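Presented below is the structure to which this report refers.
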Amino acid sequence: MSSTERDERDDEAEEVESSEASEAEQSAEDPNVPKNRAERRAAAKAARRGRVAVLADGTTPTGDEAIGEVSPDGSGLMLPTTSLGGNPAALAEAAPGAGRRRPPPRTMSKGTGDSEGVPEWARSIGDSLGQHRRTLTMAAAAVVVVVGSSLAWQTWRSTAAAKAADAYSEALQVSTATIEPEDAPAREDAPTRRGPVFRSMEARLRASVEKFRQVEQRYPQSRVAPLARLSEATALYQLGRYQEARQLYQGLMGADTAGLEARVLEGMAFTQESLNDLDGAAARYRELGAVQNAAYRDLAQYYQARLFARRDDRVHAKELLHGVIERTAHPTAADPLAASIQSLREQAVALLREIDPQDPQIVEYDRARAVGGGAEGEHGHEGGGRNPLDSLPPDLRRQLEEALRKQGRR
564 MSSTERDERD DEAEEVESSE ASEAEQSAED PNVPKNRAER RAAAKAARRG RVAVLADGTT
624 PTGDEAIGEV SPDGSGLMLP TTSLGGNPAA LAEAAPGAGR RRPPPRTMSK GTGDSEGVPE
684 WARSIGDSLG QHRRTLTMAA AAVVVVVGSS LAWQTWRSTA AAKAADAYSE ALQVSTATIE
744 PEDAPAREDA PTRRGPVFRS MEARLRASVE KFRQVEQRYP QSRVAPLARL SEATALYQLG
804 RYQEARQLYQ GLMGADTAGL EARVLEGMAF TQESLNDLDG AAARYRELGA VQNAAYRDLA
864 QYYQARLFAR RDDRVHAKEL LHGVIERTAH PTAADPLAAS IQSLREQAVA LLREIDPQDP
924 QIVEYDRARA VGGGAEGEHG HEGGGRNPLD SLPPDLRRQL EEALRKQGRR
């Protein structure tokens, strides 16, 4: 190593030593400068409280250092010259001898629930709720259980109602199925049929009885259960099983049959008439004439006239038939029951003709038919009767029609 290099190294070492000595002298000259992290934290905390920091060596800033004005009361606290100096009230509380800051007085006694400024009725309500907390909790839980059960019941009920409607529509499909004898000739243009095909009316009626009975047994609490019993009773009557039909009709008297009370009375009267209970049948026919604001008055009077004719009481029979024929003479084309009214009129005329062929109404009826080319009383309506679903409530009818559409019947 040359002398020049040694001289440069010595110069650098002297500069480092000089710098370290200068820093040490500055630290020694300024005892108020924190020497480590703990002292810096203590200084910051003291500054927030408005006090002068006491350093780790027990010294305080010297009197000639510009640290802010000192309170003239000799407490050694700085006046609030900065945001770290606090406010005068806080400085007074932090002064020596003032002790720790006292917490504000309580407004509520611990454990008592009594508070100042709270109305008496509010305290009484709070006390009552506290005393009956368990009861209220149990009541709330009971309400939740009841509401949940109600929702579950409604969901199950709607599902069960839909299933019952589907089952009843299937039974109706059987009761209106095609009858095709075994020896019937095959037709090439015959439409494609859906659903069962029966060889005789009796076979279809027997199958209908079983189907309607299944609906009643599977869904006894559904809205279609009474309708299924009514349809079963009708099929039993058509099969000639009058005693069984009478029991079913009797059970339906006064039941909720969705507006089909007239059919119940009519079926009951038919059954009694078939069992030769003519007085009972006459009473049911009179009831039939009064239901639904006398909507079935003409039909009921025709039935009564038939009973009078059976008893050979032609005077009363003709009197009732005259009224029926007059009231059903001119049904309007817009009337949905026009076809049924026309059919009833023709039956009344036929019965009156059988009782007295020379009755003036029969003579007038024949004259009108002759003038009109045999079309007296006709208004372009074809027979076939009413749709059996028309008399049902709208919501139930929609369910049955929807079920029939799914099965391709409508």
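Those letters in the sequence shown? Residues 564 to 973, per the working numbering, in order. The C-beta atom is built at its ideal place from N, Cα and C for all residues, glycine as well. Just so it is clear, the structure is predicted and the values come from calculations on it, not from any experiment.
Span of the alpha helix (DSSP H) holding residue i?
i: His879; result: Arg877 to Arg890
i: Tyr800; result: Ala788 to Gln801
i: Arg849; result: Leu841 to Ala857
i: Ala902; result: Ala901 to Ile918
i: Pro923; result: Pro923 to Val934
i: Asp861; result: Arg860 to Arg873
i: Ser837; result: Glu824 to Ser837
i: Gly814; result: Tyr805 to Leu815
Using DSSP's beta-bridge definition, name the partner residues of residue i.
i: Gly741; result: The sequence given here places Thr at residue 741; Gly does not occur at that position. BP columns for Thr741 point to Val760.
Express the C-alpha separation of residue j and residue i in angstroms, rounding to a whole number.
i: Arg781; j: Leu828; result: 26 angstroms
i: Gln924; j: Pro899; result: 26 angstroms
i: Ala821; j: Leu768; result: 23 angstroms
i: Ala791; j: Gln813; result: 14 angstroms
i: Ala931; j: Ala892; result: 11 angstroms
i: Ala788; j: Pro894; result: 35 angstroms
i: Tyr859; j: Ala853; result: 7 angstroms
i: Glu850; j: Gln921; result: 32 angstroms
i: Glu779; j: Asp929; result: 49 angstroms
i: Leu811; j: Asn856; result: 25 angstroms
i: Ala911; j: Gly843; result: 22 angstroms
i: Ser646; j: Asn599; result: Any reading at Ser646 must be qualified, since the residue scores a pLDDT of 43, below 50, and its modelled position is unreliable; the value itself is stated next. Rounded to the nearest angstrom, the two C-alpha atoms are 25 angstroms apart.
i: Tyr866; j: Asp819; result: 25 angstroms
i: Thr741; j: Ala825; result: 27 angstroms
i: Ala868; j: Pro748; result: 43 angstroms
i: Ala933; j: Ser732; result: 45 angstroms
i: Arg757; j: Gly886; result: 44 angstroms
i: Ala902; j: Ile888; result: 15 angstroms
i: Thr797; j: Val737; result: 14 angstroms
i: Pro951; j: Ala845; result: Summary for Pro951: the model assigns pLDDT 49, below 50, so the residue's position carries little reliability, and this model does not support an answer.
i: Ala863; j: Arg804; result: 24 angstroms
i: Ala872; j: Phe833; result: 16 angstroms
Mind checking residue i: buried by the 16 CB within 10 Å criterion, or exposed?
i: Met816; result: exposed
i: Asp861; result: buried
i: Lys774; result: buried
i: Asp729; result: buried
i: Val772; result: buried
i: Val926; result: exposed
i: Thr644; result: Confidence at Thr644 is low in this model, with a pLDDT of 46, below 50, so its placement is unreliable and the value that follows should be read with caution. Exposed, by the Cβ-count rule.
i: Ser785; result: buried
i: Ala616; result: Any reading at Ala616 must be qualified, since the residue scores a pLDDT of 47, below 50, and its modelled position is unreliable; no value is offered.
i: Glu795; result: buried
i: Gly935; result: exposed
i: Met831; result: buried
i: Val878; result: exposed
i: Gln905; result: buried
i: Glu765; result: exposed
i: Lys881; result: buried
i: Glu836; result: buried
i: Arg809; result: buried
i: Gln806; result: exposed
i: Arg908; result: buried
i: Arg847; result: buried
i: Ala607; result: exposed
i: Ala897; result: exposed
Given 6 angstroms as the limit, tell me if residue i has its C-beta closer than that to any heavy atom belonging to the ligand COA.
i: Leu811; result: As presented, the structure is devoid of all ligands, the ligand COA included, so that no description of it is given.
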